[in-house]
Amino acid sequence: MSSQIILLERVDNLGEMGDVVSVKPGFARNYLLPQGKALRATKENVAYFEEQKKTFKADSDKRKKEAEATSKKMDGLKVTLIRQAAEAGQLFGSVTARDIADAVNEEGFKIERNQVQLNQNFKMIGLFDVDVILHPEVKTPVTINIARSQEEAEVQAKTGKALIAGNEDDEPKQSRSEKADERSEEMKQDMLEDSALKAEEEAKRLAEEEAEKTRKAAEKKEAAKAEAAAEEAEDDEAETAEKE
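Throughout the sequence shown, residue numbering follows this note's numbering, covering 10 to 253 in sequence.
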């Protein structure tokens with residue numbers, strides 16, 4: 010089963026603006042329609058598109074010019090992502106489209122994660138190029154510098170290669186060993202800091218729970234006192250009434 014839609018802009022591997030194409034219902038429902046890239050190809054929408062065709066074209070041309078201007082500003086853009094990795098360079102974590110989009114936005118731009126075109130899974134530190142789609146007809150490359158520290162990122166940017174075993178043959182063995190020790194020590198320190206932070210947060214949580222328990226116990230005690238006082242007052246009133 011497929012859905013017929015009218016494209017409101019050029020979409021890779023589908024067609025150009027104005028084309029009526031068939032796509033999977035989920036692709037239309039979850040991406041093309043909510044992103045404003047298409048309309049359902051009903052008789053009414055086909056007529057509407059023909060009426061508004063010039064407007065759609067003008068809007069697309071305007072967005073294309075804006076994308077081209079942004080592309081020029083992003084020319085040569087390099088962003089750094091700090092991640093933990095083994096001595097051989099294998100990443101312990103992952104690098105996602107959201108991570109890259111956030112890093113680009115920190116440089117003063119505004120893109121969404123679905124504009125980052127990932128053509129690989131990042132498994133090592135190093136320098137990588139990814140494309141950012143600014144418009145269906147405009148994309149710009151961004152260099153991603155994945156490193157274990159800011160200092161390492163700066164060296165990678167200067168040398169153009171990752172600081173991993175096998176890429177440091179021009180350095181003395183002792184120097185490589187010392188760097189390995191430094192990195193290992195940094196990783197240990199990071200883990201210790203993380204552990205200390207978690208312990209501090211846990212202690213804070215326990216203290217808050219204990220304070221809450223104490224508060225509730227005090228409220229319960231006060232309520233019991235108030236109830237006892239009320240009962241005593243009722244007894245006094247009853248006793249007075251009997252005497253009268």
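All C-beta atoms in this analysis are idealised placements derived from N, C-alpha and C, irrespective of residue type, glycine included.
Test item: CB-CB of residue i and residue j under 8 Å
i, j, result
"threonine 152", "serine 80", "no"
"valine 104", "arginine 92", "yes"
"glutamate 116", "leucine 143", "no"
"aspartate 140", "glutamine 126", "yes"
"glycine 27", "phenylalanine 58", "yes"
"alanine 47", "leucine 16", "yes"
"valine 20", "alanine 50", "no"
Contacting residues, own chain, Cβ-Cβ under 7 Å from residue i (five flanking each side not counted)
i, result
"lysine 132", "Gln99, Leu100"
"aspartate 70", "none"
"glutamate 221", "none"
"valine 164", "Leu172"
"leucine 206", "none"
According to DSSP, residues forming a beta bridge with residue i
i, result
"phenylalanine 118", "BP columns for phenylalanine 118 are empty, so no partner."
"proline 150", "Asp140"
"lysine 87", "Thr152"
"isoleucine 14", "Val30, Arg49"
"glutamine 99", "Met133"
"glutamine 93", "None; glutamine 93 has no bridge partner."
"glycine 24", "Val20"
"valine 125", "Val141"
Top-ranked residue by Cα proximity to residue i, from the options
i, options, result
"alanine 76", "Val164, Glu146, Glu241", "Glu146"
"alanine 67", "Glu18, Ser158, Glu217, Lys230", "Glu18"
"glutamine 124", "Arg107, Ile134, Glu163, Leu136", "Arg107"
"leucine 5", "Arg224, Glu236, Glu160, Arg214", "Coverage of the chain is limited to positions 10 through 253, which leaves residue 5 absent and any answer about it impossible."
"glutamate 255", "Ile134, Lys63, Ile109", "Since the first residue of the chain shown is 10 and the last is 253, residue 255 is not available in this structure."
"leucine 41", "Glu163, Lys82, Ile14", "Ile14"
For residue j and residue i, believed in contact at Cβ under 8 Å, the rounded distance
i, j, result
"valine 55", "valine 88", "The Cβ separation is near 43 Å, so there is no contact."
"alanine 78", "arginine 157", "Incorrect: roughly 36 Å between the Cβ atoms, too far for contact."
Contacts around residue i, its chain only, beta-carbon distance under 6 Å, and the 5 residues preceding and following it disregarded
i, result
"glycine 255", "Nothing in the structure corresponds to residue 255, since the chain is present only between 10 and 253."
"alanine 226", "none"
"methionine 83", "Thr149"
Cβ neighbours of residue i in the same chain (closer than 8 Å, five flanking residues each side left out)
i, result
"proline 34", "Met10, Ser11, Ser12"
"lysine 213", "none"
"glycine 45", "Leu17"
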